[in-house]
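Comments concern the structure below.
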Amino acid sequence: MRRATWLPIAALSLGVIAGCNDDNDNNPSTGNTAATSYEADITRTTHGTAHVRAENYGSLGYGQGYAFAEDRFCTLMDQIVKVRSERAKYLGPGENNANIASDVAYKALNVMERASNNLPELNKNTREMITGYAAGFNAYLEQTGAANLPGDCAGADWVSPITSQDLVAYYLDLATLAGSRNFLPAFANAKPPQANATGLALDNVNVRIPQDYASNGIALGKEMTAGEGGALLSNTHLPWEGEAIYHEVHLTIPGELDVAGASLSGGIGVQLGFNQNMAWTHTTSPSKQFILYRLDLAEDDPTAYVVDGEKRSMTTRDISIDVKGMEQPFTQTLYSSDFGPILAAPSQGLGWDSDQAFAIYDVNIDNAEFLGTFLEMAKAQSVRELRQVFLDRGGVPWNHTMATDSNGESFYADTTFVPFLLPQVESQLLQALQSDPQLQQLFDAGLLLLDGKTDLAKPIVVPGFPVAGAIPFDRAPYTFRDDYVMNSNDSYWLPNADERLEASTRLYGDPGTKPRSFRTRMGLTMLEGSNEFGSALITPGQATKESLQDLLFSNWSFTGLLWQDQICDGSEPGSLSGACGTIEQTWDGKLNLDSRGVALFREALSPVKDLLTDDGQLIQLDGNGDPQRNPDGSLVTEAMFTTAYDPADPVNTPSGLTNVGRQTLQGSLAQAAQKLGNASLPLDAPLKTLQFTRKGDETIPIHGGLQKIDGAYNKVEYRDDDNLFTSTLPALDRKPVLNEPSNLTEEGYLINYGASYVMTVEYTEEGPSAEALLTYSQSNNADGRGFFKDQTELYSKKTWRSVPFTAEAIAREAVEEKTVSSP
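FYI, in mature numbering (1 follows the signal peptide of the UniProt record, and there is no 0) the residues of the sequence shown are -18 to -1, 1 to 805.
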């Protein structure tokens, strides 16, 4: 074990916005002032977890910011350059002007000014911790020097000290992950339909409707566990590279805060974790967190719109972007309305012409306090206290919450911020959805489109509620139970096989009218068992954290449970004998490293991924391979399942395979066998030879599977998502793709997304007992400390590691200790 003391020469002389020097919560400093003193102890334990101990929130933030910088400095620095709108300044215009587009978009969202406005209004503890975090991050930079930084930004001219305003701007960016961030190119592309209109020329502007974000959470109560306390499984699914990655920490202020878990890059506090008596996790909710408004434009002016019969002019703002390699700055006029900033994506029906334009309202656009909510959550000592935090402060930007406590009670709630619409507005919306199949299809995919003809369409602002325009939390769906609650990214409706929740608005998601996802059904099957799919993996009254680990890493394929024994029924002898033999006899129906035949089944089902509707219908294609549509615009479909979905039996239905479904799968099975043969990949190859990630020069096999194709609960995949991956840092290099739905390459399946911070916690008579894995490991840097690939190797081997929480446990596993402080 090593111990060191670091004393930066001038910790806050680098431009950090210091916190206020008194206890006045209403008059914080918002500019550079005299340095504030900070001191924190950082103990690293096995696998790099940073245990930070301090006497106040400012010093705790200082220690957390310093520890994060040691492991992932470049990750956050890249994001700060982004929210400052300075990518083009340092990196040039980018391919298809991507860097200019990013800079313009963040100017359109105005995150830096919003951060400046929000910072003085933050809770005192939140503000002090943010200020301290920036100071600690900067202290590491000063000590190390830009040229000596480990990682991909060493010596980069865009490396600089950061401010608390920068951090808040970045937090606002994170808050809109399920909203505005999906429309970044469309903000940059927005210009009026006038011959002399100037702006950025972008090719093929597309917006991504947020969906398919993934995670699993299970909270067990005392009826399920071996003891009187609860147990928790946290299985969040996020990228393994880029900015949306976790950093594992344990944060302590004696007598005030003691919480362990993980924080998103650059975030203060812990976003999922546990304390002495309560543990929680999150999954992404499909609730609606933004609204697209269609504006009727004035006949004589495309920059004016009509609301309640009154003509209103759009507000304008002229911006300037410095671009490396260009003699003159890039300039553009940005437009906004009373409903939000204007965007344009003509290829997706969101064009700005002489008749209409589109604006976006994002309920989280000013939700800078959400990390402060996490600080308060971390202090709750029971699930009842946790719900009170949400009642007092509102929820978190885009998550369901599941929690358990030492009393053996479990809790579920949709804790997202959802727009609060007038009843008549929502009623009109629901009527429109019933009469317009294409509008319904967009709504089901995550897009809420309203007409901006009246101010009544704007969300209701509840006086005193922390987030303007959001539904107060006392209207959110929730439940307490003594057996279990779970969620795998479906709506609030089914937190337990025996409970159906109701919601105050359709904006919280589907109220059980459509089948649950394969992943939800797999989770409930493992928890409950079923006559059709097998026995449960959790025995009531006997469950431990190890039971939850076994459940997660059992790696069953739900589509295998559905169709493995049926896919080859009725096939002609000899035509598919080799492929059918592999599917029916060789494959064990699982997604383990030794499972053989996974790739064949996966490739056979891959065409169905985009053809199977949410309600279990198979979309029919025309001769050109395009979806067929009925005269009313609805899709032409055929039944895939012999037993239709039944809301009374959502775990077991839909099921079976129709003749149309079987013929479709047999046709794709033949193509899959040929495809794998052409790639020289054996039909019965074990998964460990095909599915992998890379850490430096090392290839590490990865178990688990794809959500929509394999029906995997333990989800891993390759994902190239411009919303989740906005980083300009180097990413994993992938070979040319042979099949887009499955991401098959000539090497097999490269993994860069899925199970990320995986944690199990159990409350015993001795207190919390936790084991976890950070699948991509704690540090981006192969710097000799051993934190770069160690946990990735553990994940590959299904080897869990302890999470030391007590002082004695931390001392046993300590590998490095230091005190960091400012003068």
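We put the CB at the ideal spot given by N, CA and C, even for glycine.
Item: Within the continuous beta strand (DSSP E) that includes P236, where are the two ends?; Value: No beta strand (DSSP E) holds P236; DSSP gives it neither H nor E.
Item: Tell whether a beta-carbon distance below 8 Å holds between K670 and G686.; Value: no
Item: Name the DSSP beta bridge partners of D278, please?; Value: Q338
Item: Assess, as a yes-or-no matter, whether the region 753 to 771 is touched by the region 494 to 506 under the definition of 3 or more beta carbon pairs within less than 8 Å.; Value: no
Item: Looking only at its chain, what residues have a beta carbon closer than 7 Å to the beta carbon of G203, apart from the 5 residues adjacent to it on each side?; Value: G212, T386, G390, E391, S392, R463, D464, D465 and Y466
Item: At 4 residues or longer, what runs of the alpha helix (DSSP H) sit wholly inside the region 474 to 537?; Value: 500 to 510 and 527 to 534
Item: Which residues in the same chain have their Cβ closer than 6 Å to the Cβ of T108, if we skip the five residues on either side of it in sequence?; Value: G354
Item: Classify R457: buried if its beta carbon has 16 or more other beta carbons within 10 angstroms, exposed otherwise.; Value: exposed
Item: So if DSSP puts V698 in a beta bridge, which residue, or which two residues, is it bridged to?; Value: G736
Item: Counting pairs of beta carbons, one from the region 479 to 495 and one from the region 370 to 379, are three or more of them closer than 8 Å?; Value: no
Item: Any idea which residues DSSP pairs G199 with across the strands?; Value: S216 and N469
Item: Going by beta-carbon coordinates alone, are Y735 and E699 separated by less than 8 Å?; Value: yes
Item: Contact defined as beta carbons within less than 8 Å: I believe S162 pairs with F272. What is the distance between those atoms, to the nearest angstrom?; Value: 7 Å
Item: Could you spell out where the alpha helix (DSSP H) holding R366 opens and where it closes?; Value: V365 to R375
Item: Using the rule of at least 16 other Cβ atoms within 10 Å of the residue's Cβ for burial, across every protein chain shown, is L373 buried or exposed?; Value: exposed
Item: In the DSSP assignment, find the unbroken beta strand (DSSP E) run with G749 in it and report its ends.; Value: G749 to L756
Item: Could you tell me whether the region 423 to 431 touches the region 242 to 262, using the rule of 3 or more Cβ pairs below 8 Å?; Value: no
Item: Thinking just about the alpha-carbon of each residue, which of A655, L600 and D631 is nearest to the one in L558?; Value: A655
Item: Return the first residue and the last residue of the beta strand (DSSP E) that M359 is part of.; Value: Run containing M359: none in the beta strand (DSSP E); it sits in the alpha helix (DSSP H), F352 to M359.
Item: Going by DSSP, name the residue or residues bridged to S302.; Value: T313
Item: Quick one: what does DSSP say Q673 is sitting in, helix, strand or coil?; Value: strand
Item: Between which two residues does the alpha helix (DSSP H) containing G45 stretch?; Value: Y39 to V65
Item: Judging by CA-CA distance, which residue of G137, A286, V345 and Q46 is the nearest neighbour of G251?; Value: Q46
Item: Here's the rule I'm using: 16 or more other beta-carbon atoms within 10 Å means buried, otherwise exposed. How should Q416 be labelled?; Value: exposed
Item: Starting from V797, trace the beta strand (DSSP E) in both directions and tell me its first and last residue.; Value: A796 to S803
Item: Let me know if D5 comes out buried or exposed under the rule of 16 or more other beta-carbons within 10 Å of its beta-carbon.; Value: Confidence in D5 is poor, its pLDDT being 37 and thus under 50, which makes the residue's placement too unreliable to answer from.
Item: Can you tell me where the beta strand (DSSP E) with F256 in it begins and where it stops?; Value: L254 to F256
Item: Does the region 142 to 156 come within contact of the region 87 to 105, defined as at least 3 CB pairs closer than 8 Å?; Value: yes
Item: Which residue's Cα is closest to the Cα of R676: L647, A667 and G730?; Value: G730
Item: So, is N257 buried or exposed, given that buried needs 16 or more other C-beta atoms within 10 angstroms?; Value: buried
Item: Taking the alpha helix (DSSP H) that T646 falls in, what are its first and last residues?; Value: N641 to N660
Item: Can you tell me which residues form a DSSP beta bridge with F462?; Value: F393
Item: Locate the beta strand (DSSP E) running through V34, then write down its first and last residues.; Value: A32 to A36
Item: Restricting to Cα atoms, I'd like to know which of V719, Y343, L658 and L534 is closest to L695.; Value: According to the sequence shown, residue 695 is Tyr rather than Leu. Closest by alpha carbon: L534.
Item: With respect to the alpha helix (DSSP H) encompassing W140, which residues constitute its N-terminal and C-terminal limits?; Value: It is not in any alpha helix (DSSP H) - W140 carries neither H nor E in the DSSP assignment.
Item: For the structure I just gave you, are there three or more beta carbon pairs, one from the region 212 to 225 and one from the region 408 to 425, closer than 8 Å?; Value: no
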